[in-house]
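All remarks here apply to the structure that follows.
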Amino acid sequence: MSVNETIKGNYAMQTKIAPSILSADFSRMGEAVGNLERAGADLIHCDVMDGSFVEPITFGGQMVKNIRPLTKLPLDVHLMIEHPKTQIKFFADAGADIITVHCEACAKISPDYLAETLQLIKSCGVKCGAVVNPSTDVQQIFPVLGICDMVLVMSVFPGYGGQKFIPSALEQLKKVRARADCVGRADLDIEVDGGITVQNAAAARQAGANVLVAGSAVFGAADMAAAIAALKA
-12 MSVNETIKGN
-2 YAMQTKIAPS
8 ILSADFSRMG
18 EAVGNLERAG
28 ADLIHCDVMD
38 GSFVEPITFG
48 GQMVKNIRPL
58 TKLPLDVHLM
68 IEHPKTQIKF
78 FADAGADIIT
88 VHCEACAKIS
98 PDYLAETLQL
108 IKSCGVKCGA
118 VVNPSTDVQQ
128 IFPVLGICDM
138 VLVMSVFPGY
148 GGQKFIPSAL
158 EQLKKVRARA
168 DCVGRADLDI
178 EVDGGITVQN
188 AAAARQAGAN
198 VLVAGSAVFG
208 AADMAAAIAA
218 LKA
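Residue numbers (my numbering): -12 to 220.
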């Protein structure tokens, strides 16, 4: 199957919007989560940063635990941290529905660390996913594709919100969607995170993404519901 044939088939997949609460007012997080659910969000994306793997520090498992009772939406926890295996149980117990970990952080430790971490997440009854940065060839995670419920392709370098979309991410998305279809994983969620706007959302979907993380495009909009609908359109 060619990449173009794969992309055409992707239109049948439901597009899901995962607003990142990194762009919310942390002093009004409960209100923000409620507003997202009413506006039609499909997931709540939680960006966890440790000040080591990336420069900023955001929040930990306590934030996830606190917002868990406030929404029925799945909590999509993106760990931008060193040694992610040590934190899996905390976030699973806090109520995460899916936990994604960076292959770059795992590769620093051992060749098997990514697969071991993904298996640990699954053993906690939580969905798992692997993340690749723009400078990492997505083929590096192909060996663990069979374990993953999701692959997250970064379209900016992780650490800060408000960055511009890196166009080379589209090729990364095409590669992973084609590979997923080739190995019988047409159901694999492929998420893209970074600089997503109404102007580039269609290109990301056409390249193979069916889950779009959006921060400023949703929280910076005058009408959240209209923004989410436009991203799905």
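Even for Gly, the Cβ is constructed at its ideal location relative to N, Cα and C.
Ranked by how close their Cα comes to the Cα of aspartate 34, the residues Gly27, Phe13 and Arg166 have Phe13 in first place. By the Cβ-count criterion, glutamate 42 is exposed, with fewer than 16 other Cβ atoms from all chains shown falling within 10 Å of its own Cβ. Aspartate 63 is bridged by DSSP to His32 and Ile85.
Under the 10 Å beta carbon count, threonine 104 is surrounded by 16 or more other beta carbons and is classified as buried.
With a 10 Å radius around the Cβ and a threshold of 16 neighbouring Cβ atoms, proline 56 comes out exposed. Its chain contains Asp136, Met137, Asn197 and Val198 as the residues whose beta carbon lies nearer than 7 Å to that of aspartate 176, once the 5 sequence neighbours on both sides are disregarded; these appear in chain order. Exclusion of the five residues before and after lysine 151 leaves Val143 and Gly182 as the residues of its chain whose Cβ lies within less than 8 Å of its Cβ. Inside the region 158 to 218, DSSP marks whole beta strand (DSSP E) runs of 3 or more residues at positions 176 to 180 and 198 to 201, from first to last along the chain. The C-beta separation of valine 179 from leucine 218 comes to about 11 Å, leaving the pair out of contact by the 8 Å criterion. Between the alpha carbons of tyrosine 100 and alanine 209 lies a distance of about 43 Å. Residue pairing by DSSP places isoleucine 75 opposite no residue, since no beta bridge is assigned to it. Nearest C-alpha to alanine 212 among Leu9, Ile128, Ala19 and Gln1: Ala19.
Rounded to the nearest angstrom, the gap between the Cα atoms of alanine 81 and glycine 149 is 28 Å. The beta carbons of aspartate 84 and lysine 52 sit no closer together than 9 Å. With a cutoff of 9 Å on beta-carbon distance, valine 118 and glutamine 159 are scored as not near each other. Burial of valine 64 is indicated by the presence of at least 16 other C-beta atoms within 10 angstroms of its C-beta. Here lysine 162 is buried. Its C-beta has 16 or more other C-beta atoms within 10 Å. Taking C-beta separations shorter than 8 Å and ignoring five residues to either side along the sequence, the partners of asparagine 120 in its chain run His89, Glu91, Met141, Phe144 and Pro145, following chain order.
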